[in-house]
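Engineer: Mind having a look at this structure? Questions to follow.
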Amino acid sequence: MSRVSLQTLIDRSVRNMGAVMPQIRTLAVELITRSYNEGIHVQISSGYRSNTQQASIYGMGRPNYWWNGKHYGNTGSIVSNAQPGQSVHNYGLAIDYFLVSNDGLKAIWVVNAQWRRVAQIGKSLGFTWGGDWKGFVDAPHLEYTKGLTWRDLQAGKRPSFGSVQAAAERDYLENGDEGAAVEEMQKLLIALGHKITADGIFGPASEAALKAFQSSRKLSADGVYGPQSKKALQAAVKPPAVPGASAPTKNDPKEETILFKPNSPTFRKETIKLFEDAHTVGIFSSREHAEQTEKGDISESDAIGAIATILNRVGILQDPNAEPYPAHKDATEWVKEKGISDGSRPTLPATRQQVNQMFYNYDKQK
Ligand SMILES: [Zn+2]
1 MSRVSLQTLI
11 DRSVRNMGAV
21 MPQIRTLAVE
31 LITRSYNEGI
41 HVQISSGYRS
51 NTQQASIYGM
61 GRPNYWWNGK
71 HYGNTGSIVS
81 NAQPGQSVHN
91 YGLAIDYFLV
101 SNDGLKAIWV
111 VNAQWRRVAQ
121 IGKSLGFTWG
131 GDWKGFVDAP
141 HLEYTKGLTW
151 RDLQAGKRPS
161 FGSVQAAAER
171 DYLENGDEGA
181 AVEEMQKLLI
191 ALGHKITADG
201 IFGPASEAAL
211 KAFQSSRKLS
221 ADGVYGPQSK
231 KALQAAVKPP
241 AVPGASAPTK
251 NDPKEETILF
261 KPNSPTFRKE
271 TIKLFEDAHT
281 VGIFSSREHA
291 EQTEKGDISE
301 SDAIGAIATI
311 LNRVGILQDP
321 NAEPYPAHKD
331 ATEWVKEKGI
341 SDGSRPTLPA
351 TRQQVNQMFY
361 NYDKQK
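The opening residue of the sequence shown carries number 1 in full-length UniProt numbering; numbering runs sequentially from there.
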């Protein structure tokens, strides 16, 4: 089985991100690339969300919800507390991610070491991670707000991107640059004993440390971190062990890979488990549901209702017009053949009825 290409992960992600701000697209591509270089396969499941899409998401689990004179209410579980204009996604400044298997065919929805490593890379790029939030944990979510709230964004304010994007497109770094590449350089200098901070900001201290290193290697001490200095610095430092680069332990239930396997005889059980695990890792931002899960009183119908949402967030069913993933293509063929569904993919968001109907048909054909 060959490894999924970096370009495939980027192409799928760019498609899923939609109309995010161009700087966010650049940062997301850098996030995917840096993760890939560490052996981690990450994909973006969503990015920009229009206010209409936000209304549909907010309406889930709120049957009487109306917005702008239109009915957006739906049955199922509450999945978001953000109304149109209240989500950073509505401003093209947030992305959601998930891990995929080595061959790129299966979504992995477990907050394991690799998942947290991606979050760490995201943070070094200037994102805030939803997994750090208290109470309202949103593990797939990365947003770039630099402290601005949705009210600030609604008032027209936008975060500063500094020189993050410019630095990502050049093959050198210099005083004034920010971002993951700067952090990487700083870590190497620190490993050589320089007393600087790996904060991702190329300031005077970093410049002085770099110049000292350049002098020691008989390179021109210009304080510019170009390809030659980079090569010399990397050669001088043995690369540190990368956290999360190893495969998760197979028998640790917490690190178990969750797969969407409709042709498994235990499909129903697995999907409910998928739902419960999704709660455990904080995929749903609904506080009531998190509390219910903790108390263990989530009913099966609630679980089923939420599955559609999971599938959406995984990105498998996200865009009805997009080319399905190969794994999902097979699943679709299977459910069609068994008469469980007509093979058409639920639109965003998939409804509880659609999933209930699917389970009903599934039970019937057994
Ligand atoms: Zn999000």
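Note that beta-carbon positions come from the ideal geometry of N, C-alpha and C, so glycine has one too.
Within 7 Å: the Cβ of G193 and any heavy atom of ligand 1?
Structural biologist: What you label residue 193 is simply residue 193 of the sequence shown in a count that begins at 1. No, Cβ of G193 sits at least 7 Å from all heavy atoms of ligand 1.
Engineer: Is DSSP giving P253 helix, strand or coil here?
Structural biologist: On the sequence shown, position 253 is the one that residue 253 refers to. Residue confidence is low: P253 scores 32 on pLDDT, short of 50, so the model does not pin down where it sits. No coordinate-derived value is stated.
Engineer: In this structure, how does DSSP classify L194 when only helix, strand and coil are distinguished?
Structural biologist: As a working note, residue 194 is residue 194 in the sequence shown. The residue asked about is misnamed: residue 194 is His in this sequence, not Leu. If DSSP states are grouped into helix, strand and coil, H194 belongs with coil.
Engineer: For S46, does the count of other Cβ atoms within 10 angstroms reach 16, so buried, or fall short, so exposed?
Structural biologist: Walking along the sequence shown from the start, residue 46 turns up at place 46. Buried is the call here.
Engineer: Flag A212 as yes when its Cβ comes closer than 7 Å to any non-hydrogen atom of ligand 1, and as no otherwise.
Structural biologist: Taking the sequence shown and counting its residues from 1, the one referred to as residue 212 is at position 212. No, the beta carbon of A212 sits no closer than 7 Å to any heavy atom of ligand 1.
Engineer: Please look up how many angstroms separate the CB atoms of G200 and E183, rounded, as I've assumed it's under 8 Å.
Structural biologist: Sequence index remark: in the sequence shown, residue 200 carries index 200 (1-based). Sequence index remark: in the sequence shown, residue 183 carries index 183 (1-based). Rounded, the Cβ-Cβ distance is 4 Å, consistent with contact.
Engineer: Does at least one heavy atom of ligand 1 sit under 7 Å from the Cβ of G130?
Structural biologist: As a working note, residue 130 is residue 130 in the sequence shown. Distance from the C-beta of G130 to the nearest heavy atom of ligand 1 is below 7 Å.
Engineer: May I ask you to report which of helix, strand or coil DSSP gives N81?
Structural biologist: Counting from 1 along the sequence shown, the entry for residue 81 is found at position 81. The answer is coil: DSSP assigns N81 none of H, G, I, E or B.
Engineer: Y48 and Q83 - do their beta-carbons sit closer together than 8 Å?
Structural biologist: Residue mapping note: residue 83 aligns to position 83 of the sequence shown, counting from 1. Residue mapping note: residue 48 aligns to position 48 of the sequence shown, counting from 1. No, they are not a contact pair.
Engineer: Between A232 and ligand 3, is there a pair consisting of the residue's CB and a ligand heavy atom that are separated by less than 7 Å?
Structural biologist: In the structure shown, ligand 3 is absent; the only ligands present are ligand 1.
Engineer: For R12, I'd like the list of residues in its chain whose CB is within less than 6 Å of its CB, leaving aside the five on either flank, ordered along the chain.
Structural biologist: Your numbering for residue 12 matches position 12 in the sequence shown. If we look at R12 and ignore the five residues flanking it on each side, its Cβ neighbours are Q43.
Engineer: How many whole angstroms separate the CB atoms of L189 and L210, which I take to be in contact at a CB cut-off of 8 Å?
Structural biologist: Here residue 189 corresponds to residue number 189 of the sequence shown, with the count starting at 1. Here residue 210 corresponds to residue number 210 of the sequence shown, with the count starting at 1. Indeed, because the Cβ distance is near 7 Å, the residues count as touching under 8 Å.
Engineer: Kindly indicate the opening and closing residues of the alpha helix (DSSP H) around Y58.
Structural biologist: By one-based count along the sequence shown, residue 58 stands at place 58. For Y58, the uninterrupted alpha helix (DSSP H) run begins and ends at N51 to G59, by DSSP.
Engineer: On the criterion of 16 or more Cβ atoms from any shown chain inside 10 Å, does W66 qualify as buried, or is it exposed?
Structural biologist: Start at 1 with the first residue of the sequence shown, and residue 66 comes out as number 66. By the 10 Å Cβ count, W66 comes out exposed.
Engineer: In this structure, does DSSP put L188 in helix, strand or coil?
Structural biologist: To locate residue 188, count along the sequence shown from 1; it is residue 188. Correct three-state label for L188: helix.
Engineer: Are the Cβ atoms of H141 and A107 separated by less than 8 Å?
Structural biologist: As a first step, residue 141 is located in the sequence shown; it is residue number 141 there, counting from the start. As a first step, residue 107 is located in the sequence shown; it is residue number 107 there, counting from the start. Taking a C-beta distance under 8 Å as the contact criterion, H141 and A107 do not qualify as a contact pair.
Engineer: According to DSSP, simplified to helix, strand and coil, what is S13?
Structural biologist: The residue you call residue 13 lines up with position 13 of the sequence shown. S13 falls in the helix class under three-state DSSP.
Engineer: Would W150 and G73 be called neighbours here (beta carbons separated by less than 8 Å)?
Structural biologist: In the sequence shown, residue 150 corresponds to position 150, counting from 1. In the sequence shown, residue 73 corresponds to position 73, counting from 1. No; because the gap between Cβ atoms is not below 8 Å, this pair is not in contact.
Engineer: Output yes or no for whether 8 Å exceeds the beta carbon distance between A180 and S124.
Structural biologist: Translated into positions along the sequence shown, residue 180 becomes position 180. Translated into positions along the sequence shown, residue 124 becomes position 124. Yes, Cβ-Cβ distance for A180 and S124 is below 8 Å.
Engineer: Using three-state DSSP, classify I40 as helix, strand or coil.
Structural biologist: Here the question's residue 40 lines up with position 40 in the sequence shown. Reduced to three states, the DSSP call for I40 is coil.
Engineer: How many angstroms separate the CA atom of G104 from the CA atom of Y36?
Structural biologist: Residue 104 sits at position 104 when you count from the first residue of the sequence shown. Residue 36 sits at position 36 when you count from the first residue of the sequence shown. If I take the Cα positions, the gap works out to 12 Å.
Engineer: Would DSSP call Y225 helix, strand or coil?
Structural biologist: As a position in the sequence shown, residue 225 is number 225, starting the count at 1. Reduced to three states, the DSSP call for Y225 is strand.
Engineer: Looking at the strands, I want to know which residues DSSP matches up with A107.
Structural biologist: For the purposes of this step, residue 107 is taken as the residue at position 107 of the sequence shown. Note: A107 sits in a beta bridge opposite V100.
Engineer: Taking buried to mean at least 16 other C-beta atoms within 10 Å of its own C-beta, is N102 buried or exposed?
Structural biologist: Indexing the sequence shown from 1 puts residue 102 at position 102. By the neighbour-count rule (16 or more Cβ atoms within 10 Å), N102 is not buried but exposed.
Engineer: Would you check if the distance between the CB atom of V20 and the CB atom of G92 is smaller than 8 Å?
Structural biologist: Your numbering for residue 20 matches position 20 in the sequence shown. Your numbering for residue 92 matches position 92 in the sequence shown. Yes; because the gap between Cβ atoms is below 8 Å, this pair is in contact.
Engineer: Opposite T128 in the DSSP bridges: which residues?
Structural biologist: Numbered from its first residue, the sequence shown carries residue 128 at position 128. DSSP output for T128 lists E143 as bridge partner(s).
Engineer: So, helix, strand or coil for P240, using DSSP?
Structural biologist: To locate residue 240, count along the sequence shown from 1; it is residue 240. Unreliable positioning characterises P240 in this predicted model, as indicated by a pLDDT of 35, which lies under 50. A coordinate reading is not provided.
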